[in-house]
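Following the numbering used here from start to finish, the sequence shown increments by one per residue and tops out at 75.
Shown next, in structure tokens, is the structure this report addresses.
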Amino acid sequence: MEIKISSDKENKLFKRREISFLVLGEEKTPSAMDVKRELCKKLNISPDATLVKELYQAFGERLCNGTAVSYE
4 MEIKISSDKE NKLFKRREIS FLVLGEEKTP SAMDVKRELC KKLNISPDAT
54 LVKELYQAFG ERLCNGTAVS YE
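Okay, here's the thing in structure tokens:
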């Protein structure tokens, strides 16, 4: 599973990072736990404070869009 970060914004009001990403090369939509694990490794953030909010894969594509938040 390869993850590319589309945007990484800091929201100071809610004390969190808002992350948009792409997951490449998956035949089926990966589980949120697998994506969370890989995303935390890539960004060096705590898995306990991270939430994958959305994963979307269009029918027949090998590309998955997602959003996540990581609280301080």
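In this text, a Cβ means the ideal position worked out from N, Cα and C, and glycines have one as well.
Quick caveat: nothing in here was measured; it's all calculated off a predicted structure.
- For leucine 25, the secondary structure class from DSSP, reduced to helix, strand or coil, is strand.
- Unbroken beta strand (DSSP E) runs of no fewer than 3 residues, entirely contained in the stretch 33-62, are found at 53-60, following chain order.
- Around the C-beta of alanine 52, fewer than 16 other C-beta atoms lie within 10 Å, and the residue is accordingly described as exposed.
- Taking 8 Å as the cut-off, the Cβ atoms of leucine 42 and phenylalanine 17 do not count as close.
- Residue burial annotation: isoleucine 8 is exposed, with fewer than 16 other C-beta atoms found within 10 angstroms of its C-beta.
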